[in-house]
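Heads up: the sequence shown begins at 34 in my numbering, then just goes up one per residue.
The C-beta atom is built at its ideal place from N, Cα and C for all residues, glycine as well.
A quick write-up on the structure given underneath.
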Amino acid sequence: MKFNYIVPGDDFSRAGNASSEMKKTLQRLGLPQAVIKRTAVAMYEAEINMVVHAGGGRAEITIEPDLITIIMKDDGPGIADIELAMQDGYSTAEDEVREMGFGAGMGLPNMKRNTDEMLIETEPGKGTTITMKIRIL
Ligand SMILES: Nc1ncnc2c1ncn2[C@@H]1O[C@H](COP(=O)(O)OP(=O)(O)O)[C@@H](O)[C@H]1O
Ligand SMILES: [Mg+2]
34 MKFNYIVPGD DFSRAGNASS EMKKTLQRLG LPQAVIKRTA VAMYEAEINM
84 VVHAGGGRAE ITIEPDLITI IMKDDGPGIA DIELAMQDGY STAEDEVREM
134 GFGAGMGLPN MKRNTDEMLI ETEPGKGTTI TMKIRIL
């Protein structure tokens with residue numbers, strides 16, 4: 034099964050809609066609670082990052098009997114230093130973004146923690162694609 038979402042980059046009030054829709058679908062499919070939670074958290078953080086840092090993007094989720102694959106793709110500025118970006122608390126978010134409750138610098142570490150595999154492909158000035166895999170046990 035495949036699910037596709039467009040994540041608009043201009044509307045903070047709708048940030049998180051795609052992951053929340055996906056979560057409902059996983060619940061309808063009757064997947065294990067722990068798998069749903071990890072998928073929802075990882076996708077939410079990646080979705081928020083696309084809105085805050087990349088002007089929006091696309092999400093593609095594939096569900097197989099034993100695996101969930103989340104691909105988050107944007108045409109934003111890219112990530113210059115992945116190792117630095119992965120550190121707890123590291124954030125380039127502006128003050129006004131922080132005032133809205135985003136930009137604690139825990140998104141990427143949380144995505145890593147909640148997935149079994151995570152691959153970041155990024156090119157400065159071109160965009161970022163993050164592929165995350167969650168095993169269904
Ligand atoms: N999709 C993205 N495009 C460009 N930069 C990104 C993207 N996702 C993350 N980043 C960069 O990595 C940093 C760390 O991300 P994250 O851990 O989610 O923290 P936060 O979003 O709170 O800043 C961000 O501040 C930003 O500089
Ligand atoms: Mg973030």
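According to DSSP, what are the bridge partners of residue i?
| i | result |
| --- | --- |
| Glu154 | Thr162 |
Tell me the DSSP secondary structure of residue i in three-state form.
| i | result |
| --- | --- |
| Leu170 | coil |
| Glu97 | strand |
| Ile39 | strand |
| Met105 | strand |
| Gly89 | strand |
| Leu141 | helix |
| Asp128 | helix |
| Leu59 | helix |
| Gln66 | helix |
| Lys34 | A quick correction: the sequence has Met, not Lys, at residue 34. Of the three classes helix, strand and coil, the one that applies to Met34 here is coil, per DSSP. |
| Phe45 | helix |
| Tyr77 | helix |
| Met119 | coil |
| Met171 | For residue 171 there is no data in the structure shown, the boundaries of the chain being 34 and 170. |
| Ala113 | coil |
Just to confirm, does residue i get its C-beta within under 7 Å of one of the non-hydrogen atoms of ligand 2?
| i | result |
| --- | --- |
| Gly90 | no |
| Ile153 | no |
| Pro78 | The question names Pro, yet the displayed sequence has Glu at residue 78. Glu78: yes, Cβ under 7 Å from ligand 2. |
| Ile81 | yes |
| Gly140 | yes |
Does ligand 1 have even one heavy atom less than 7 Å from the beta-carbon of residue i?
| i | result |
| --- | --- |
| Ala137 | yes |
| Ile103 | no |
| Asp107 | yes |
| Val84 | no |
| Ala87 | yes |
| Leu64 | no |
| Leu170 | no |
| Ala48 | no |
| Gly111 | yes |
I believe residue i touches residue j by the beta-carbon criterion, under 8 Å. Please report the beta-carbon distance rounded to the nearest angstrom.
| i | j | result |
| --- | --- | --- |
| Ile153 | Ile101 | Actually they do not touch by this definition, with Cβ atoms about 18 Å apart. |
| Glu78 | Asn143 | 5 Å |
| Ile81 | Thr162 | The pair is not a contact, with the Cβ atoms about 16 Å apart (cut-off 8 Å). |
| Thr111 | Lys159 | Checking the displayed sequence, the identity of residue 111 turns out to be Gly instead of Thr. The pair is a contact, with the Cβ atoms about 6 Å apart (cut-off 8 Å). |
**Asked** Counting pairs of Cβ atoms below 8 Å between the stretch 49 to 60 and the stretch 131 to 144, do you hit three or more?
**Response** Touching, no.
**Prompt:** Would you call the stretch 117 to 125 and the stretch 95 to 109 touching, i.e. three or more CB-CB distances under 8 Å?
**Reply:** Contact fails: fewer than three Cβ-Cβ distances are below 8 Å.
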